[in-house]
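Structure first, then comments.
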Amino acid sequence: QMAASFCRTTCAFIWMFGVVSATRVYPPNEVTLLDTRTVPGELKWAANPTEGGWEEVSIMDEKNIPIRTYQVCNVMEPSQSNWLRTDWIPRSGAQRVYVEIKFTLRDCNSLPGVTGTCKETFNLYYYESNNDREHYIRESNFLKIDTVAADESFTQVDIGDRIMKLNTEVRNVKVTTRKGFYLAFQDVGACIALISVHVFYKTCPLTIRNLATFPDTNTGADTSSLVEVRGSCVNQSEEREEPKMYCGADGEWLVPIGGCVCNLGYEENGGACQVCKVGFYRAVSTDGACSECPPHSHSEKAGTTVCDCNPGYYRSETDPASMPCTQPPSAPQQLISEVNETSVVLEWSVPLRLGGRTDIRYSVDCLLGSPDRPLGAQLCLPCGPDVLFSPQQSGLGATRVCVSELQAHTRYTFTIGARNGVSQGHTAGARESVSVTLTTNQAAPSPVMSIQASDVTRHGVSLAWQQPDRPNGVILEYEVKYYEKERSYRIMKTASRSADITWLNPLTVYVFHVRARTAAGYGEFSVPFEFSTNSDPLPLIGNAANSTLLLLSISGGVVLLLISTTVFIITERILMRASLHPFQFIFSNHSPPPPLLPSPSEGVRIYVDPFTYEDPDQAVHEFAKEIDASNIHIEKVIGIGEFGEVCSGCLRLQGKREIYVAIKSLKAGYADKQRRNFLSEASIMGQFDHPNIIRLEGVVTRCKPVMIITEYMENGSLNTFLRKHDGQFTVIQLVGMLRGIVSGMKYLSDMSYVHRDLAARNILVNSNLVCKVSDFGLSRVLEDESEAAYTTRIPIRWTAPEAIAYRKFTPASDTWSYGVVMWEVMSYGERPYWDMSNQDVIKAIDEGYRLPPPMDCPACLHQLMLDCWQRDRTHRPSFTQILNILDKLIRNPTNTLRRTGGERPVPTLLEPVGGPEFVSVWSVEYWLQAIGMDMYRDTLTAAGYTSPDSLLTLTQQDMASIGIVTPSHQDQILASVQQVLLSHMQQIQEQMQDSMVPV
């Protein structure tokens, strides 16, 4: 009777909820597989036991429509196991389904006479199957999804005017192995009523982005999975770059990459390509929309790519479609000529009508009157090739030309024509021109071009020559000038084209020049010719060709001298640098190390909190460089962050080489606070400059999406990287990674910056295995959180006790986190505190529990971890102290970095004995044995590598040449040498910086 009373109570309560509840409107990205509120008639689900367990009842919803529900209230009897199974549900291609349960539950404390048998939870199960053949419940086949508890329970039916809320719980489960599945509800002794069960899966709905259609796509099986989807271009468009998007687990499309462009003659409008209207055109794919036809052109149909020119107007082949149609120019104006003997200077003004173009060019036609015709005759011939035009005869941009080498006393006609880009090939565009006719004056003859020698004797020579090409009148006489080299000259005149030169010295070289004279005067002397008495004539070494050869010879000698001097200077400087920094060139295959000495003028930088700025954009632009979004090319998605997706891509800046970068973007629909928090990370990173801190390349804030651009770290996060390479590093290599992290943290601490979220997942590793501190987004956000949100967001396993309890973040709390990072590194990325809950971790630490040493972890490193985990934060070491400790361990690993379990230590190559110099103390044989490469002992010895110092110059090419050809062995040997050298160089740099005295 009491149980029946409970059931009646429950039903009454269900009805009350039906009155106040509201019908849910499902989002478009949810596809319903089962909704009990919409099932007509009875559900008739399978129950076990069939009697006395779950009972199907009808109630009225808010619209007074009957719906079917199930209830059970066997709270008086112990060991209840009442099963209720749904009908078979086809999954319809879904890989992860969501179960939304609305239910009411009675508070056990309100039930009189119940002594420990009443429960306030029930269990949810599922079972995958290919078909609907299960006629009864096989409990052993079902897998548990979760135990469901109520957020709010009721105590009695008579609750007066109080309005209660239904309990709504949503659970999800991966279903990928069968065509469908069953759901089952197990009651273990609760007074409960299932109001409704809604089973659905999420899809990314059909959408159009960048003119590409992306179909309705089911989300992935995992909550963090991304499904890559290739889009197809809409009608009248073509691919610009392969369109892709990613379907996220929440049913939202992420990161549109690539896209399509409308075909020529079409424009984008509302995600579709619309034809250009009459009078408009689109000729270039980069143009966004159709443009109105340019002046003097038109289109007579829709979808035009190029508008036709109006009658009398033209367009050249090189004119863009956006350029107005134009006309040929009119004739040049005001042609003026000035005759100077056999040269003419022609000048003119630009045409009155340029035709709407600026590419006007001029040409000069030269016509020569026939010499056998009187002046005024109409017969003209083209000027010969000897006539010179300066600067040129055609293609003139200026309105002036000089014509020379004309014949004297000759009539010429010069025609100046004007053309532009549309003059050629059009009847109406024939060249417009203006002409002038003139007669040249008298002029001196041209130079004599050729001299021949004959009858050469010991004391004389006979010379002969041809008349000048352009005598420009009657030749009255010739003048011969001759002389010995570096002696005074003599002149002989003759009316003929020959001369006998006598009274010459025997076996002597003479230089001869000849020029002609007319009534206009003497012409120029010929080029010099050399002859030797009683010898064959020789060409002058000083003529044009030989002069060029001599000049080139002298220039070549000067260049060789300069090159020799430069090589000598560079060699001396390299030797000097090598003597100062003997380890600098070992890293020639990688990025160069930072300079050993800072500028004396540099002061100590202090971190500036960007949240102190009233305008967040002012902070980010003060500390970060703005990058044009067109310089960024996104290639692929590599993850999802708190504010949006994380991609990799390329950054192309003018004047710099292309670099690979990581791109964090702010997803659409963000609030101002989200944008401020997102950009605050860039404002923080932009203040840091250290080889072990992630480098900020810049930000994009002036367009959407807002992006943060950082250097790309090829090996990703440290914890994931270590898990992939479990057991593949030596202890000293792991300590080298820890040293890089603590070096970066010391830099941050010196700047008075507290990280608050130091963990291996926030350490990034590049291709050279350099570890860099990243993720500065949590530092300020925690201070603005409410108590509930704070305890949810804080990384409990890495956070110091005082920071958890009192929000007291200091460099000492970062030291606690660094100790956990040490444990992660030495355990190759294992999860701290394993599967313990956060509350269990807090309780264990409070009771004095500390993480045990990882397998094969040296005792000294675990002791350093314990020092970092001191309860009193004032007893924890500073990052400077930790850095010094690790340096000592690296310098003397034999006695300090001994693995637990008695394994042999891994020695270092070099030991410091004072100052920055290094002295070898280990034998090559012992070192090879320590790193497991002792099989190469004889190989290295035979090649001359008998001391650790000799190994400093060892390269992969050297190893390949002596027989060490296995790449993994080469890498292990080089890594052992370079890891120790890098640690020593960083220590020297920091020691020298500490000892610097500002000038």
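Per mature numbering (1 follows the signal peptide of the UniProt record, and there is no 0), the sequence shown runs over residues -22 to -1, 1 to 977.
Positions of the beta carbon are idealized from the N, C-alpha and C atoms, including for glycine.
*Is there contact between the segment 54 to 68 and the segment 101 to 113, where contact requires at least three CB pairs shorter than 8 Å?*
Enough Cβ pairs lie closer than 8 Å, so yes.
Since Cys254 and Val212 should fall inside the 8 Å C-beta cutoff, what is the C-beta to C-beta distance between them, to a whole number of angstroms?
So it is not a contact: roughly 16 Å between Cβ atoms.
- Task: Buried or exposed for Trp481, please, with buried defined as at least 16 other CB atoms from any protein chain shown within 10 angstroms of its CB.
- Result: When all chains shown are included, Trp481 counts as exposed.
Element boundaries [beta strand (DSSP E), containing His176] | From DSSP, the beta strand (DSSP E) with His176 extends over 169 to 182.
Between the C-alpha atoms of Trp812 and Gly714, what's the straight-line distance to the nearest angstrom? Going by the C-alpha atoms only, they are around 25 Å apart.
Return helix, strand or coil for Trp443, following the three-state DSSP convention. If DSSP states are grouped into helix, strand and coil, Trp443 belongs with the strands.
Checklist entry - For Glu550, is the classification buried or exposed, using 16 other Cβ atoms within 10 angstroms of its Cβ as the cut-off for buried? => result Summary for Glu550: the model assigns pLDDT 44, below 50, so the residue's position carries little reliability; its value from the coordinates is reported in the next sentence. Answer is exposed; the Cβ neighbour count stays below 16.
* **Given 8 Å, three or more beta-carbon pairs between the segment 688 to 696 and the segment 735 to 743** => By the Cβ rule, the segment 688 to 696 counts as touching the segment 735 to 743, because three or more pairs are nearer than 8 Å.
Output the distance between the C-alpha atoms of His387 and Thr418, rounded to the nearest integer angstrom. Our two residues, His387 and Thr418, have alpha carbons roughly 5 Å apart in a direct line.
**Item:** Among Gly826, Gly333, Thr852, nearest to Lys786 - alpha-carbon criterion
**Value:** The shortest Cα separation from Lys786 among Gly826, Gly333, Thr852 belongs to Thr852.
**Message:** With H, G and I counted as helix, E and B as strand and the rest as coil, what does DSSP make of Thr10?
**Reply:** Judged by DSSP in its simplified three-state form, Thr10 adopts strand.
> In three-state terms, what does DSSP make of Cys838?
Replying inline: Taken through DSSP and simplified to helix, strand or coil, Cys838 comes out as helix.
- prompt: Which partner residues of Pro44 appear in the DSSP bridge assignment?
  reply: Paired residue(s): Met38.
So, with DSSP's three-state summary, where would you put Trp66?
The answer is coil: DSSP assigns Trp66 none of H, G, I, E or B.
What number of angstroms, rounded off, separates the C-alpha of Ser730 from the C-alpha of Asp753? Distance between the alpha carbons of Ser730 and Asp753 is about 17 Å.
Q) What is the DSSP secondary structure of Asp124, counted as helix, strand or coil? A) Of the three classes helix, strand and coil, the one that applies to Asp124 here is strand, per DSSP.
Is the distance from the Cβ of Pro484 to the Cβ of Arg448 below 9 Å? Their beta carbons are not under 9 Å apart, which means Pro484 does not touch Arg448 by this criterion.
Query raised in the report: So, helix, strand or coil for Ser658, using DSSP?
Result: Assignment of Ser658 by DSSP, reduced to helix, strand and coil, places it in the helix class.
- Task: Would you decide whether Val439 is buried or exposed? Buried here means 16 or more other CB atoms lie within 10 Å of its CB.
- Result: With 16 or more other Cβ atoms from the protein chains shown falling within 10 Å of its own Cβ, Val439 counts as buried.
Next on the checklist: Just to confirm the assignment, what range does the beta strand (DSSP E) spanning Leu359 have?
Outcome noted: If you look at Leu359, you'll find it in the beta strand (DSSP E) that goes 358 to 360.
Quick one: is Pro423 buried, meaning 16 or more other Cβ sit within 10 Å of its Cβ, or exposed?
Pro423 comes out buried.
Is Ile314 buried or exposed, if buried means 16 or more other CB atoms sit within 10 Å of its CB? Label assigned to Ile314: exposed.
Practice problem: For Lys642, write down the residues that DSSP places opposite it in a beta bridge. | Solution: Beta-bridge pairing links Lys642 to Val624, Ile686.
Self-check item: Minimum C-alpha distance to Ala660 - residue among Thr679, Asn670, Gly647
Solution: Comparing alpha carbon positions, the residue from Thr679, Asn670, Gly647 closest to Ala660 is Thr679.
Do Phe163 and Asn101 have their C-beta atoms within less than 9 Å of each other?
In this structure, Asn101 lies closer than 9 Å to Phe163 by Cβ.
Return the first residue and the last residue of the beta strand (DSSP E) that Gln252 is part of.
DSSP places Gln252 in the uninterrupted beta strand (DSSP E) bounded by 250 to 253.
Practice prompt. Specify the secondary structure class of Val902 as computed by DSSP and reduced to three states.
Written response: Taken through DSSP and simplified to helix, strand or coil, Val902 comes out as helix.
- Item | Proximity to Val639 [Cα-Cα], best of Val803, Cys681, Tyr690 | Comparing alpha carbon positions, the residue from Val803, Cys681, Tyr690 closest to Val639 is Tyr690.
Please report how far the alpha carbon of Ser721 lies from the alpha carbon of Ala738, in whole angstroms.
Going by the C-alpha atoms only, they are around 15 Å apart.
Review point. Does the segment 43 to 58 touch the segment 207 to 223, meaning 3 or more C-beta pairs lie closer than 8 Å?
Key: The segment 207 to 223 is not in contact with the segment 43 to 58.
Buried or exposed for Met913, please, with buried defined as at least 16 other CB atoms from any protein chain shown within 10 angstroms of its CB.
-> Under this definition Met913 is an exposed residue.
* Are Ile394 and Val342 touching if we call contact CB-CB under 9 Å? -> A contact, by the Cβ cut-off of 9 Å.
_Taking 8 Å as the limit between beta carbons, can you name the residues of its chain near Leu861, skipping five residues before and five after?_
Scanning its chain for C-beta atoms nearer than 8 Å, with the 5 sequence neighbours on each side dropped, one finds around Leu861 the residues Arg717, Val720, Ser721, Lys724, Glu968, in chain order.
Using C-beta distances below 7 Å, list every residue in its chain close to Glu325, excluding the 5 sequence neighbours before and after it, in chain order. Shown here for Glu325: same chain residues with a beta carbon closer than 7 Å to its own, the five before and five after excluded, namely Ile314, Thr377, Arg378 in chain order.
Notebook entry, point to check: Shortest alpha-carbon distance to Ser277 belongs to which of Pro329, Gly257, Lys97, Pro56?
Noted result: With distances taken between Cα atoms, Ser277 lies closest to Gly257.
- Beta-carbon proximity list for Glu580, same chain, < 6 Å, skipping 5 on both sides: Confidence at Glu580 is low in this model, with a pLDDT of 39, below 50, so its placement is unreliable and the value that follows should be read with caution. Same-chain partners within the cutoff: there are none.
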